[in-house]
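Which chain is which? The protein sequence lines are A and B, in order.
Note that this note's numbering has the first sequence beginning at 6, numbered continuously upward.
Note that this note's numbering has the second sequence beginning at 6, numbered continuously upward.
Protein chains: 2
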Amino acid sequence: MRGVILYAPGDVRVDERADPKIVEPTDAVIRLSATCVCGSDLWPYRGIEAVDGPSPMGHEYVGIVEEVGGDVRTVEPGQFVIGSFFASDNTCEICKAGYQTSCVHRVPMGALGAQAEYLRVPLADGTLVATPDVPPDDLLPSLLAASDVLGTGWFGALAADVQPGKTVVVVGDGAVGLLAVLAARQLGAERIIAMSRHEARQKLALDFGATAVVTERGDDGVAKIKDLTDGLGAHSVIEAVGTQESMMQAIRSTRPGGHVGYVGVSHDVELPGQELFFSHVHLHGGPAPVRRFLPELIDLIWNRTIDPGKVFDLTLPLDQAAEGYRAMDERRAIKTLLQP
Amino acid sequence: MRGVILYAPGDVRVDERADPKIVEPTDAVIRLSATCVCGSDLWPYRGIEAVDGPSPMGHEYVGIVEEVGGDVRTVEPGQFVIGSFFASDNTCEICKAGYQTSCVHRVPMGALGAQAEYLRVPLADGTLVATPDVPPDDLLPSLLAASDVLGTGWFGALAADVQPGKTVVVVGDGAVGLLAVLAARQLGAERIIAMSRHEARQKLALDFGATAVVTERGDDGVAKIKDLTDGLGAHSVIEAVGTQESMMQAIRSTRPGGHVGYVGVSHDVELPGQELFFSHVHLHGGPAPVRRFLPELIDLIWNRTIDPGKVFDLTLPLDQAAEGYRAMDERRAIKTLLQP
């Protein structure tokens, strides 16, 4: 089959890869209907994360079940399914507490390479959720978004304790940040302030429910948020970047007793203990346990209550994956959908 | 009046200080019935925090109201009152959310020096809580504990989301850690593991409700907690020290999705962002908003449900404050009560 391989920073190609097979009796193999490029794929693409030899890429996927192992009980060939970036058993104590991305048996899907024609999914019963039927094509982008960026924005909003009547700030205008805006809207926030200086992204943020846009960053961004919140800071701040600057901006934009939900994959961040101590904020985040939210998110998409697929502003055939990476790297595209 | 002054690291003396007077119409002046030395007083005493000239010391206090300013409405001369280490208006939006130690009008009581015969308390209506009557002498130590260490341990337990049926670890065996054990017991925790290698403190932890004691520290302490929790870590970990080692021990002892409540005043701590991200823990803490808990804690003490005063294992006249500091510095005493 064909699949995306990263050979070195900046060098992604679509090459022949071995067809996935059932390895464990708990596996499924799915034929991908759509896959995409993640903001986190850009870290190794940009050489910020080490690339250790040719690596299959991609961890976001929706598709049709082709084959299942002998122990799989809840999904079957022909069903349309969605999974997320960690396979999880969904039965261990950590999964039952809602932290499937820390499942004691978790398997990182990135290593299996979802930017491809087919994908082996371990722990299929715990990982995959079937839609009510095979969806119409126009729902594919939104269902694909549920595989990671929607679920991640959703987790960011829950980790930031977004609630009706509250003021929410979103730091980061990538797909996750934009979908955190959508999540905050769904969760009933009264004010949603999107931090963005990029016109297309500002428009999408407003479309998803932002009530204001702030273009300032860093200390200026913090000062602007304080201005907008009687000097106190926001109740809830969602951090969707993962840098030192964005984390400190998020913490400093939050009022005492407020909540920071951070979902940007952390790179070279060191949090100063004393400032954190006196900030009085709640801090929670990490790799979003998207599996926890999938049934609810699929329902919202299926009923056309939300349209998170709008974050895909570039659609390319899988063979043109390299252009999809380039467009995101250069911020010409928010997110690239790849058609296998 | 007489009061404790820190002249330099290791040099505390009881000297004459000016008698406190009503300055603002919202002030009260109280005659102290008891005061004490805090673990956090040891930071400047040890020279770890800079000492900027002679400084009055102490921020824990109970006593009888002597005089109130013209705007004070809720306390009156003759009442026995308890306050905490920040004066707060208890009416601003931050106070109403339960974070009185971040009150927009807060005043640090340490600067006013509660290790003395008399104390001016700003924002008396917001800060002071009167007991039902003047208490019998044997309740004084417990009521004094409510002024800081009990309320701080209580906040640590709430910040760590201690709940019935859960496993709780307490890192730190000072007065705050020991009272966090008491708080966890009151909040219904099933297992409470106290980390201590000091026999008298271990005994008090068990007396307060600990179900196990672990003597290992650092990585060995983490490994021991994992052993005791099916390899997962505790649901709730209360950090009551404030060092890099104790914070990392707390974070690493917590299961994914679990909660760290940290109340040890942070010194030279830098939290590694990536490890925190993948730990999946909740992090919350800071200066305990003791005022939030005072009515409930006074009630528990008044009804003799709890006896937090046991943390005072040394009682001295105010004039012997220097010996009280030395005994705590050398870990000969857990906590020193001073009688003015």
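Note that CB positions come from ideal geometry on N, CA and C, so glycine has one too.
Model, not experiment: these values are computed from the prediction.
In chain order, what residues of the same chain lie with their CB nearer than 6 Å to the CB of residue i, ignoring the 5 residues before and after it?
{"i": "Thr-220(A)", "result": "Arg-202"}
{"i": "Arg-190(A)", "result": "Gly-214"}
{"i": "Asp-324(A)", "result": "Val-19"}
{"i": "Gly-115(B)", "result": "His-64"}
{"i": "Gly-158(B)", "result": "Val-181, Leu-184, Ala-185 and Ala-188"}
{"i": "Leu-192(B)", "result": "Ala-162 and Val-167"}
{"i": "Leu-288(B)", "result": "Val-265"}
So for residue i, helix, strand or coil by DSSP?
{"i": "Arg-260(A)", "result": "strand"}
{"i": "Thr-341(A)", "result": "strand"}
{"i": "Ser-241(B)", "result": "strand"}
{"i": "Met-6(B)", "result": "coil"}
{"i": "Gly-290(A)", "result": "strand"}
{"i": "Tyr-50(B)", "result": "helix"}
{"i": "Cys-43(B)", "result": "coil"}
{"i": "Glu-21(A)", "result": "strand"}
{"i": "Ile-35(B)", "result": "strand"}
{"i": "Glu-250(B)", "result": "helix"}
{"i": "Pro-146(B)", "result": "helix"}
{"i": "Ser-152(A)", "result": "coil"}
{"i": "Ser-93(A)", "result": "coil"}
{"i": "Val-227(B)", "result": "helix"}
{"i": "Asp-166(B)", "result": "coil"}
{"i": "Thr-106(A)", "result": "helix"}
{"i": "Pro-322(B)", "result": "strand"}
{"i": "Arg-125(A)", "result": "strand"}
{"i": "Ala-13(B)", "result": "strand"}
{"i": "Pro-141(B)", "result": "coil"}
{"i": "Pro-313(A)", "result": "helix"}
Are the C-beta of residue i and some C-beta of chain A separated by less than 8 Å?
{"i": "Met-114(B)", "result": "no"}
{"i": "Phe-283(B)", "result": "yes"}
{"i": "Ile-303(B)", "result": "no"}
{"i": "Ser-107(B)", "result": "yes"}
{"i": "Ser-45(B)", "result": "no"}
{"i": "Pro-292(B)", "result": "yes"}
{"i": "Ala-245(B)", "result": "no"}
{"i": "Leu-237(B)", "result": "yes"}
{"i": "Leu-288(B)", "result": "yes"}
{"i": "Ser-5(B)", "result": "Nothing can be reported for residue 5(B), as the shown portion of chain B is limited to 6 through 345."}
{"i": "Ser-241(B)", "result": "no"}
Below 8 Å between beta carbons: does that hold for residue i and residue j?
{"i": "Glu-122(B)", "j": "Pro-322(B)", "result": "no"}
{"i": "Ala-165(A)", "j": "Val-173(A)", "result": "yes"}
{"i": "Leu-319(B)", "j": "Ala-327(B)", "result": "no"}
{"i": "Asn-95(A)", "j": "Gly-118(A)", "result": "no"}
{"i": "Gly-269(A)", "j": "Ser-251(A)", "result": "yes"}
{"i": "Leu-184(A)", "j": "Ala-150(A)", "result": "yes"}
{"i": "Ala-245(A)", "j": "Gly-177(A)", "result": "yes"}
{"i": "Val-295(A)", "j": "His-264(A)", "result": "no"}
{"i": "Thr-353(B)", "j": "Arg-260(B)", "result": "No answer is possible for residue 353(B): it lies beyond the span of chain B, which begins at 6 and ends at 345."}
{"i": "Ala-92(B)", "j": "Arg-111(B)", "result": "yes"}
{"i": "Leu-145(B)", "j": "Val-218(B)", "result": "no"}
When the cut-off is 8 Å and only beta carbons count, does residue i lie next to chain B?
{"i": "Met-252(A)", "result": "yes"}
{"i": "Tyr-123(A)", "result": "no"}
{"i": "Glu-275(A)", "result": "yes"}
{"i": "Ala-102(A)", "result": "yes"}
{"i": "Gly-278(A)", "result": "yes"}
{"i": "Val-175(A)", "result": "no"}
{"i": "Ser-271(A)", "result": "yes"}
Residues in the same chain with beta-carbon distance under 7 Å from residue i, minus the five sequence neighbours each way, listed in chain order, please.
{"i": "Val-186(A)", "result": "Val-175, Ile-197, Ala-199, Ala-210, Phe-213, Gly-214 and Ala-215"}
{"i": "Lys-231(B)", "result": "Gly-238"}
{"i": "Asp-32(B)", "result": "Gly-74, Arg-125, Val-126, Pro-127 and Ala-129"}
{"i": "Asp-24(B)", "result": "Met-6 and Tyr-123"}
{"i": "Ser-271(B)", "result": "Gly-247"}
Quick one: residues in its chain with C-beta nearer than 8 Å to the C-beta of residue i, no 5 flanking neighbours on either side, listed in chain order?
{"i": "Tyr-50(B)", "result": "Leu-11, Pro-14, Gly-15, Val-17, Tyr-330 and Asp-334"}
{"i": "Val-274(A)", "result": "Gly-247, Thr-248, Gln-249 and Met-252"}
{"i": "Arg-222(A)", "result": "Met-200, Arg-202, Glu-250 and Gln-254"}
On the DSSP bridge list, what partners appear for residue i?
{"i": "Leu-276(B)", "result": "Leu-276(A)"}
{"i": "Met-200(A)", "result": "Val-176(A) and Val-219(A)"}
{"i": "Tyr-267(B)", "result": "Glu-244(B) and Gly-290(B)"}
{"i": "Gly-68(A)", "result": "Leu-37(A) and Val-86(A)"}
{"i": "Ser-284(B)", "result": "In DSSP, Ser-284(B) forms no bridge with anything."}
{"i": "Ala-135(A)", "result": "Val-86(A)"}
Residues of chain C with CB under 7 Å from residue i, in chain order?
{"i": "Arg-260(B)", "result": "The structure shown contains no chain C; the protein chains it does contain are A and B."}
Taking 7 Å as the cut-off, does the CB of residue i come closer than this to any heavy atom belonging to the ligand MG?
{"i": "Asp-318(A)", "result": "Among the components modelled here there is no ligand, and therefore nothing to report on the ligand MG."}
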